[in-house]
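**Student:**
Dropping the structure here:
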């Protein structure tokens, strides 16, 4: 609450006349940290802010980059099997955009491509034997996007940016239960007369806390020990289940 009140003071100051030093866009989040604990089912955050002069806004949220593998399945003797696969390099693990009206009404294709705004404009590069391909095969690229949409990490359509007045705006950001841990970049672009006028950026941190954090840390920092422990637990659990079955 204190964070929101402090930011409201900034918004009021921005709205006052004669503020030549004020930024074109001021933004903030209701909470800069998403905490993943046991039972986490996803969360919503509010991004809010103000602009000095009216215009059109695009909000782009990108998750930490990671490699993604896409496999093509074929039916062999009545059974679906994986045949070909392609690795995509440094793919945003999360991608959503929001705008106050349809993008094609105020943003030209050149800006959309340069800023990678919209799924069609994402620079998704595949690699083979460690070398990047000039262009990823269409069916693999579409398969990658479709897979990430299916699990809720990529948008299917843009969200809405709501203007509360000519200067004040807000939009709601949704993060699903399977969201990646790491730093998310949130960029806001201000367009006026179909031209980019200004940008603002803020960061969001997604972290695991409690038991979830301990397990995550063990799995990543001590992967060998974690693997051995997982095998031991599986063997003990299997032995216990077998013993109980025999007694029964």
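In the working numbering, the protein residues as written are 518 to 765. Even glycine gets a Cβ: it sits at the ideal position worked out from N, Cα and C.
#1: Exposed or buried, which one is residue 690 when buried takes at least 16 other CB atoms within 10 Å?
#2: Do the CB positions of residue 701 and residue 553 come within less than 8 Å of each other?
#3: Compute the distance between the beta-carbons of residue 634 and residue 614, then report whether it is under 8 Å.
#4: Taking the continuous alpha helix (DSSP H) assigned at residue 629, which residues delimit it?
#5: Looking at the structure shown, is residue 677 part of a helix, part of a strand, or coil, going by DSSP?
#6: Flag this pair as touching only if the segment 601–611 and the segment 680–687 have three or more C-beta atom pairs under 8 Å; answer yes or no.
#7: Tell me the rounded alpha-carbon separation between residue 600 and residue 652.
#8: What does the alpha-carbon distance come out to for the pair residue 612 and residue 620?
#9: Just reading off the beta strand (DSSP E) that residue 706 is part of, what are its end residues?
#10: Any idea which residues DSSP pairs residue 578 with across the strands?
#11: Is the beta carbon of residue 563 closer than 8 Å to that of residue 617?
#12: Only counting the same chain, and skipping five residues up and downstream in sequence, which positions put a Cβ closer than 7 Å to that of residue 680?
#13: For the structure I just gave you, are there three or more beta carbon pairs, one from the segment 636–643 and one from the segment 692–701, closer than 8 Å?
#14: DSSP state of residue 641, grouped into three classes?
#15: With a CB to CB cut of under 8 Å and the five nearest residues on each side skipped, what residues in its chain are close to residue 650?
**Tutor:** This is what the structure holds:
#1: Per the 10 Å Cβ criterion, buried.
#2: Contact flag unset, no.
#3: Yes, Cβ-Cβ distance for residue 634 and residue 614 is below 8 Å.
#4: From DSSP, the alpha helix (DSSP H) with residue 629 extends over 626–632.
#5: Residue 677: strand per DSSP, three-state reduction.
#6: The segment 601–611 is not in contact with the segment 680–687.
#7: Cα to Cα, the separation comes out at about 20 Å.
#8: Between the alpha carbons of residue 612 and residue 620 lies a gap of roughly 16 Å.
#9: Start and end: 699–709.
#10: In the DSSP output, where bridge partners are listed per residue, residue 578 has 613 and 703.
#11: For the 8 Å CB-CB criterion, residue 617 and residue 563 do not form a contact.
#12: Excluding five sequence positions before and after residue 680, the CB atoms of its chain that fall closer than 7 Å to its own CB belong to 617 and 686, given in chain order.
#13: Counting Cβ pairs under 8 Å, fewer than three are found: no touch.
#14: Three-state result, residue 641: coil.
#15: Excluding residues up to 5 positions away in sequence, 642, 643 and 644 lie with their Cβ nearer than 8 Å to the Cβ of residue 650 in the same chain.
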